[in-house]
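Residue numbers (my numbering), protein chains in the order written: chain A, 14 to 130; chain B, 226 to 340. Glycine residues also receive a C-beta, built at the ideal position from the N, C-alpha and C atoms. Scroll down for the structure; my scribbles are underneath it.
Following this line, the structure appears as structure tokens:
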């Protein structure tokens with residue numbers, strides 16, 4: 014079966030510091046990978062997605078970036094955090110069979126709670 | 226554009242009460258529809274899904290029917306438990322699903338069940 018891991022689970026960082034959040038998926042190959050942010054009291058916002066190694070698409074211009082150095086690893090980064098970057102960051106995966114119903118369903122990791130002070 | 230509208234919460238029920246959380250959507254064609262549940266401090270878990278009209282998704286006593294004529298996907302459970310307390314999200318995946326298409330989520334409905 015497939016599992017998805019995220020770490021760290023909780024992070025408190027000062028404004029202006031760098032960020033690195035990691036997500037890994039086990040039990041599947043060539044998944045589609047996603048980063049979402051869930052701000053307090055708001056819905057989920059897609060930040061980035063990736064359909065393969067080195068292929069990153071950004072949905073929202075901001076001071077965050079993403080990378081996919083390996084097939085099942087997805088990293089969210091920032092060089093300088095802002096207060097507005099606080100939130101709950103969720104990684105998700107779906108089957109890498111684009112354009113079919115099988116790739117519809119996204120499965121989420123446990124999330125990382127980021128607080129920027 | 227495509228969108229999902231959920232009833233606003235919080236929804237407060239006593240144990241063994243009947244639950245309905247309303248969800249309606251706007252989309253072109255026949256999107257897939259989902260319900261996700263988020264327990265405090267955790268990520269989202271897929272609760273159930275339906276991919277075509279009149280499909281009924283069900284899991285753990287929850288069910289929802291894809292109603293094309295009313296563009297709805299209401300979540301129901303006959304007898305809720307305290308352990309069902311969580312935030313419930315309705316979501317859709319657009320018809321022209323290409324790799325990387327975001328799920329479109331409602332804002333979530335908080336359910337609180339007391340014993």
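Query                                                                                                                                                                            : Result
Which runs of the beta strand (DSSP E) at least 3 residues long sit entirely within the segment 270–295 of chain B? Give them in chain order.                                    : 281–284 and 287–290
Report the rounded CA-to-CA distance for residue 340/B versus residue 306/B, giving the unit in angstroms.                                                                       : 8 Å
Quick one: any contact between the segment 73–93 of chain A and the segment 232–251 of chain B, if contact means 3 or more CB pairs under 8 Å?                                   : no
Any idea which residues DSSP pairs residue 39/A with across the strands?                                                                                                         : 16/A
State the DSSP-derived secondary structure class of residue 64/A, mapped to helix, strand or coil.                                                                               : strand
Could you give the distance in angstroms between the alpha-carbon of residue 76/A and the alpha-carbon of residue 242/B?                                                         : 46 Å
Under three-state DSSP, which class holds residue 312/B?                                                                                                                         : strand
Whose C-beta lies closer than 6 Å to the C-beta of residue 30/A among residues of the same chain, with five residues either side of it excluded?                                 : 94
Could you run through the segment 283–301 of chain B and flag, in chain order, every residue whose CB is less than 7 Å away from some CB of chain A?                             : none
Helix, strand or coil for residue 130/A per DSSP?                                                                                                                                : coil
Three or more C-beta pairs closer than 8 Å, one from the segment 20–28 of chain A and one from the segment 47–62 of chain A: is that the case here?                              : no
Going by alpha carbons, who is nearest to residue 120/A out of 228/B, 274/B and 333/B?                                                                                           : 274/B
In terms of residue numbering, what span does the beta strand (DSSP E) encompassing residue 264/B cover?                                                                         : Element bounds for residue 264/B: n/a, residue is neither H nor E.
Compare the C-alpha of residue 61/A against each of 84/A, 51/A and 79/A and name the closest.                                                                                    : 79/A
Is residue 75/A close to chain B? Criterion is C-beta to C-beta, closer than 8 Å.                                                                                                : no
Should residue 279/B be labelled buried (16 or more other beta-carbon atoms within 10 Å of its own) or exposed?                                                                  : exposed
Within the same chain, show all residues whose beta-carbon is closer than 6 Å to that of residue 98/A, passing over the 5 residues directly before and after it, in chain order. : 129
Could you work out which residues of chain A lie near residue 327/B, taking near to mean beta carbons separated by less than 9 Å?                                                : 47, 49, 57, 58, 59, 62, 72 and 119
I want to verify the contact list: residues of chain A whose CB lies under 9 Å from the CB of residue 233/B, in sequence order.                                                  : By Cβ distance, chain A contributes nothing, its closest Cβ being about 12 Å from residue 233/B, past 9 Å.
I want to see whether chain A comes within less than 8 Å of residue 226/B, judged by CB atoms only; does it?                                                                     : no
Between residue 277/B and residue 291/B, how many whole angstroms is the CB-CB distance? I'm expecting something under 8 Å.                                                      : 7 Å
Just the Cα atoms here: how many angstroms apart are residue 56/A and residue 332/B?                                                                                             : 5 Å
Should residue 103/A be flagged as near chain B, meaning a C-beta pair shorter than 8 Å?                                                                                         : yes
What would DSSP say about residue 236/B, mapped onto helix, strand or coil?                                                                                                      : strand
For the putative contact between residue 38/A and residue 106/A, defined by C-beta atoms under 8 Å, what is the C-beta separation to the nearest angstrom?                       : 5 Å
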